[in-house]
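Asks:
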Amino acid sequence: MANSKYEYVKSFEVEDEIMFPNLIVVRIGDRHFQRFSEVHEFEKPNDEKALKLMSLCATLVLQEYPDIVFSFGFSDEYSFVFKQTTKFYQRRASKVVSIIVSFFTSVYVTKWKEFFPEKELKYPPSFHARPIVCASLEVLQEYLAWRQQHCHITNQYNTCLWELVKSGKTEKEALEILKGTQKQERNELLFQHFGINYRTLPQMFRQGSCVLRTEVEDIVKYSENGTPIKRMRRDKTTVHSKNIAGRSFWNEHQSLLKELGGFTKDVGKINSDYIRSFLFESKLMASTWIVIRIDGCHFHRFSEVHDFEKPNDEQALNLMNSCAVAVLQEFADVVFSYGVSDEYSFVLKKDSQFCQRKASNIVSIMVSFFTSMYVMNWKAFFPQKELKYCPAFDGRAVCYPSTEILRDYLAWRQVDCHINNQYNTCFWMLVKSGKSKSEAQRTLKGTQAQEKKEMLAWFGIDDYNALPVMFRQGSSVFRDGMAPNENGAAGEKPCYKVIVEHCNIIEQSFWEEHPGILG
109 MANSKYEYVK SFEVEDEIMF PNLIVVRIGD RHFQRFSEVH EFEKPNDEKA LKLMSLCATL
169 VLQEYPDIVF SFGFSDEYSF VFKQTTKFYQ RRASKVVSII VSFFTSVYVT KWKEFFPEKE
229 LKYPPSFHAR PIVCASLEVL QEYLAWRQQH CHITNQYNTC LWELVKSGKT EKEALEILKG
289 TQKQERNELL FQHFGINYRT LPQMFRQGSC VLRTEVEDIV KYSENGTPIK RMRRDKTTVH
349 SKNIAGRSFW NEHQSLLKEL GGFTKDVGKI NSDYIRSFLF ESKLMASTWI VIRIDGCHFH
409 RFSEVHDFEK PNDEQALNLM NSCAVAVLQE FADVVFSYGV SDEYSFVLKK DSQFCQRKAS
469 NIVSIMVSFF TSMYVMNWKA FFPQKELKYC PAFDGRAVCY PSTEILRDYL AWRQVDCHIN
529 NQYNTCFWML VKSGKSKSEA QRTLKGTQAQ EKKEMLAWFG IDDYNALPVM FRQGSSVFRD
589 GMAPNENGAA GEKPCYKVIV EHCNIIEQSF WEEHPGILG
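My numbering puts the first residue of the sequence shown at 109, with every later residue one more than the last.
See below:
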C-alpha cells in the first residue's frame, strides 16, 4: 500500500482468524431462493437440473481450492469442509468465506446455460455464506448429520406439499394439512394418496450430494515387456449416501481419514441447539459506518489472461463501475462506493440493520452479488472476448466510528489510487520501451512523485493531470437526488439515480456539494 497520512485507518481492521485446532466449514445458501426458483420456473419440489448445477459448482470449488476435502449439499445450500491443517488465507474468516462464495457464484452464473439452455438468467443470483467453527471432529460429525437430517425432513415435507398442490389444493390449504404432521404420517400421506414410496425417490433428493476427493489409478505407459505402469491421480467424485456422518461411509474414503481423521462412534440423537452454538456469528459494532471492501483475487493473472490494456483498461474499469452501480441499486443501505483498479469499497449507513449487522452475511451477500454482476455484464463490455475462467473476489467488513474517520478511509484509498497509477503508468511505459519487468522495477525503485513526472515526460506525457481522470482519481458511485415529475403528487418523494463520477473526494468541497450522502 502507498504511504500517506491517512494510513492510520488500517488500525480499525479487526483480525478474524479461526484458530487451530478448530475445523473450518463454510456453508453457502442461496439468498431469496424461493423467489429465484419461482422466477426461473424450477420444478417442484426438486429441479434435477438445478441440483446438478449446484453439484457442479461444488465440484469446481474443490478443484480450485485443494484445501477443501469434502462438501455436502442439497436444495440451495452447500457446506465445504477444509482439511484440518489448512492455512488457507491465514484462516481469516472473512477472506475464506468471501472467496468461496464468490467463486461458487461465478461458476453458477457461468455454467447456467449448460443446464438451462432455454432459460435466460433473469436477474443476478447471489448467495450468503457463514463460517462454522467445529471445535473437534465429533462436532463436525454432528454438524454433517444435522444437515443431512434437515435435507431429509425438508424434502419429505416439500414432496408432500407439492403433491397436495398438484392435486388441486392451494398452498395455504396444503400447509394447513401438513401442520404438525410427523415423519410417519407424511410417509403414509404420500403412499396412500399419491402412490409414492418415499424410499424409492431419487437419492439426490432424499440424501443430498457429497463431493469429495478420490485417487484414481491411471495407466501412464507400458514397459517393454507390455506390463502397464500405473500412477495414482487425484480426482473428484459425487456420491449419495444415507449416512454421511457414519463411520462406515467415512472409512470408505481414505482422503477423509487422511485429512480429517476417523469417527470413533456413530451419531445418536442429533442435538441441533448444541451444533448451533458453534455457528460463527460476529456482529458489527452498532452506530458505526460499515465499509465492505471487495478486491479481485489474483487479478494480475486474470488481467494478463484476458489481455487487459496496461496500465489501465477502460472497459475493465467500466465493468467494475457497472457492478458497483448495481450494488447501490440492489442494497438501499449502501450510500456510497469508491473504486479503483480491481477493488471497490461500499459504505453502509451508520444505522444500517442490514442482515442484523452480521459480518459474514453482509460480506458474503455483497461479494456474491458483485461477482454475479461481473460475470453477467462481461459481454456488454468485452463482446469480442470470452471469459476464459471464473473470476473471484474477496471481501472484508470494517467499522469506522465517525464520519471524519470514514472520510479519511476514502481519502486513503484515493491517495493510493493516485500513487499506484503514477507508478504503473511509468512502469508500463518502461516495459513498452523495451525494458524487462524486473529492469523497470529497478529503475523505479525509490523514485519520488517529481521524478516519476519527469520520467513520464521522456515518453511524451508532459502533464500527468492530462491523463483520464478515472485513472487518476478512481470512481465514486452514489445516488443523485432528482425532483419529482412535473405531474407528481404534492409531497412526492424525490426519485434517485445512481451515478458514477470521477472527482476529488479528499477535498471538503465534494461533500459540501453532496451533503445527503453521509447525512
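The C-beta atom is built at its ideal place from N, Cα and C for all residues, glycine as well. Computed from a predicted model, the values in this text were never measured in an experiment.
(1) Check whether the region 573-590 touches the region 413-430, counting contact only when three or more Cβ pairs, one atom from each stretch, lie closer than 8 Å.
(2) With C-beta atoms as the reference, is S395 less than 8 Å away from N485?
(3) Helix, strand or coil for V506, going by three-state DSSP, please let me know.
(4) Checking the sheet assignment: what are the DSSP bridge partners for I240?
(5) What are the residues that DSSP puts in a beta bridge with P336?
(6) E451 to F144, Cα distance in whole Å?
(7) Do L245 and F357 come within 8 Å of each other at the CB atom, strictly closer than that value?
(8) Going by C-alpha distance, which of D415, S472, S583, V455 is nearest F490?
(9) What do you reckon, are the CB atoms on N529 and P419 nearer than 8 Å?
(10) What first and last residue would you give for the alpha helix (DSSP H) that runs through S363?
(11) Between which two residues does the alpha helix (DSSP H) harbouring E185 extend?
(12) Which residue's Cα is closest to the Cα of E171: R139, T322, P232, R255?
(13) Just the C-alpha distance for A598 and Q315, rounded to the nearest angstrom, thanks.
(14) Might you give, ordered along the chain, the residues of its own chain that have their beta carbon closer than 7 Å to the beta carbon of R135, omitting 5 neighbours on each side?
(15) Could you tell me the boundaries of the beta strand (DSSP E) in which D524 lies?
(16) Among the candidates V448, I400, G404, H406, whose CA atom is the shortest distance from the CA of L436?
(17) In terms of DSSP beta bridges, what is L427 paired with?
(18) If you measure between the beta carbons of K118 and R504, is that distance less than 8 Å?
(19) With DSSP run on the structure shown, which of helix, strand or coil describes K545?
(20) Kindly identify the DSSP beta-bridge partner or partners of V49.
(21) Can you have a look at Y114 and say buried or exposed, based on whether 16 or more other CB atoms are within 10 angstroms of its CB?
(22) Let me make sure I understand the geometry here. Which of Y216, F235, E125, E226 has the alpha-carbon closest to that of V471?
(23) Please go through the same chain and pick out, in chain order, the residues whose beta-carbon is closer than 8 Å to the beta-carbon of V375, but skip the five residues on each side of it.
(24) Taking 8 Å as the threshold (C-beta atoms), are L272 and I285 in contact?
(25) Just to confirm my understanding: we take K458, look at its own chain, exclude 5 residues before and 5 after, and list those with CB closer than 7 Å. What are they?
(26) Residues in its own chain within less than 6 Å of T511 by CB, not counting five upstream and five downstream?
(27) Please determine, among N333, L320, R409, the residue with the shortest C-alpha to C-alpha distance to H633.
(28) Give the DSSP bridge partners of Q456, in chain order.
(29) Quick check: E123 and R199, are their CB atoms within less than 8 Å of each other?
(30) Please classify E615 as buried or exposed, where buried requires at least 16 neighbouring CB atoms within 10 angstroms.
(31) Whole angstroms are fine: how far does the CA of Q492 sit from the CA of E417?
(32) Beta carbon of Q256, beta carbon of K291: below 8 Å?
(33) Find the nearest neighbour of P225 within the set I207, L161, S210, K277, judged by alpha-carbon distance.
(34) From H406 to S183, what distance separates their C-alpha atoms?
(35) Pick helix, strand or coil for I176, following the three-state DSSP scheme.
(36) Classify A488: buried if its beta carbon has 16 or more other beta carbons within 10 angstroms, exposed otherwise.
Replies: Looking at the coordinates:
(1) Taking 8 Å as the limit for Cβ pairs, the verdict is that the region 413-430 does touch the region 573-590.
(2) Against the sequence shown, residue 395 aligns to sequence position 287. Against the sequence shown, residue 485 aligns to sequence position 377. Contact flag unset, no.
(3) On the sequence shown, position 398 is the one that residue 506 refers to. In this structure, V506 counts as strand in the three-state DSSP scheme.
(4) As a working note, residue 240 is residue 132 in the sequence shown. Answer is V133, L387, bridged to I240.
(5) As a working note, residue 336 is residue 228 in the sequence shown. Residue pairing of P336 in beta bridges, as defined by DSSP: Y330.
(6) What you label residue 451 is simply residue 343 of the sequence shown in a count that begins at 1. What you label residue 144 is simply residue 36 of the sequence shown in a count that begins at 1. Between E451 and F144, the C-alpha separation is close to 28 Å.
(7) If you number the sequence shown from 1, residue 357 lands on position 249. If you number the sequence shown from 1, residue 245 lands on position 137. Result no, Cβ atoms of F357 and L245 do not sit closer than 8 Å.
(8) Counted from its first residue, the sequence shown places residue 490 at position 382. Ranked by Cα distance from F490, the first of D415, S472, S583, V455 is D415.
(9) To locate residue 529, count along the sequence shown from 1; it is residue 421. To locate residue 419, count along the sequence shown from 1; it is residue 311. The Cβ atoms of N529 and P419 lie closer than 8 Å to each other.
(10) Residue mapping note: residue 363 aligns to position 255 of the sequence shown, counting from 1. Counting along the chain, the alpha helix (DSSP H) containing S363 begins and ends at 362-367.
(11) Here residue 185 refers to the residue found at position 77 when the sequence shown is read from its first residue. For E185, there is no enclosing alpha helix (DSSP H); the residue is found in the beta strand (DSSP E) stretching over 185-190.
(12) Your numbering for residue 171 matches position 63 in the sequence shown. Here the sequence assigns Gln to residue 171, which means Glu is not the residue at that position. For Q171, the nearest C-alpha among the options comes from T322.
(13) Numbered from its first residue, the sequence shown carries residue 598 at position 490. Numbered from its first residue, the sequence shown carries residue 315 at position 207. Residue placement at A598 cannot be trusted, given a pLDDT of 41 that sits under 50; the coordinates are not used to answer.
(14) Working through the sequence shown from its first residue, we reach residue 135 at position 27. If you ignore the 5 residues before and after R135, its C-beta comes within less than 7 Å of the C-beta of E185, S187, A237, R238, I240, all in its own chain and listed in chain order.
(15) Start at 1 with the first residue of the sequence shown, and residue 524 comes out as number 416. Careful: D524 lies outside any beta strand (DSSP E), inside the alpha helix (DSSP H) at 511-540.
(16) On the sequence shown, position 328 is the one that residue 436 refers to. Of V448, I400, G404, H406, the smallest CA-CA separation from L436 is found for I400.
(17) What you label residue 427 is simply residue 319 of the sequence shown in a count that begins at 1. Per DSSP, none; premise fails for L427.
(18) As a working note, residue 118 is residue 10 in the sequence shown. As a working note, residue 504 is residue 396 in the sequence shown. Going by C-beta atoms, K118 is not nearer than 8 Å to R504.
(19) Here residue 545 refers to the residue found at position 437 of the sequence shown. Taken through DSSP and simplified to helix, strand or coil, K545 comes out as helix.
(20) Residue 49 is absent from the structure shown; the chain starts at 109 and stops at 627.
(21) In the sequence shown, counting from the first residue as 1, residue 114 sits at position 6. Burial call: buried.
(22) Within the sequence shown, the letter at position 363 stands for residue 471. Cα-wise, what sits closest to V471 is F235.
(23) For this step, residue 375 is matched to residue 267 along the sequence shown. Result list for V375: Q249, E250, A253, A353, G354, in chain order.
(24) Residue mapping note: residue 285 aligns to position 177 of the sequence shown, counting from 1. Residue mapping note: residue 272 aligns to position 164 of the sequence shown, counting from 1. At a Cβ-Cβ threshold of 8 Å, I285 and L272 count as neighbours.
(25) Position 350 of the sequence shown, counting from 1, holds the residue named residue 458. Around K458: S395, T396, W397.
(26) Taking the first residue of the sequence shown as 1, we reach residue 511 at position 403. Only residues of its own chain outside the window of five on either side were considered, and among them L626 have a CB closer than 6 Å to the CB of T511, listed in chain order.
(27) An answer regarding residue 633 cannot be provided, because it is not within the stretch 109 to 627 covered by the chain.
(28) What you label residue 456 is simply residue 348 of the sequence shown in a count that begins at 1. Looking at the sequence itself, residue 456 is Leu, so the reference to Gln does not match. Answer is I398, V442.
(29) Taking the first residue of the sequence shown as 1, we reach residue 123 at position 15. Taking the first residue of the sequence shown as 1, we reach residue 199 at position 91. With respect to the 8 Å criterion, E123 and R199 are not classified as neighbours on the basis of their beta carbons.
(30) Here residue 615 refers to the residue found at position 507 of the sequence shown. E615 sits exposed, since fewer than 16 C-beta atoms from the chains shown fall within 10 Å of its C-beta.
(31) As a first step, residue 417 must be located in the sequence shown, where it is residue number 309. As a first step, residue 492 must be located in the sequence shown, where it is residue number 384. A straight-line Cα-Cα distance of about 14 Å links E417 and Q492.
(32) Your numbering for residue 256 matches position 148 in the sequence shown. Your numbering for residue 291 matches position 183 in the sequence shown. The beta carbons of Q256 and K291 sit no closer together than 8 Å.
(33) In the sequence shown, residue 225 corresponds to position 117, counting from 1. Each of I207, L161, S210, K277 was checked against the Cα of P225, and the nearest Cα belongs to L161.
(34) Here residue 406 refers to the residue found at position 298 when the sequence shown is read from its first residue. Here residue 183 refers to the residue found at position 75 when the sequence shown is read from its first residue. Here the C-alpha atom of H406 lies approximately 31 Å from the C-alpha atom of S183.
(35) Along the sequence shown, one-based indexing puts residue 176 at 68. In this structure, I176 counts as strand in the three-state DSSP scheme.
(36) Here residue 488 refers to the residue found at position 380 when the sequence shown is read from its first residue. By the neighbour-count rule (16 or more Cβ atoms within 10 Å), A488 is not buried but exposed.
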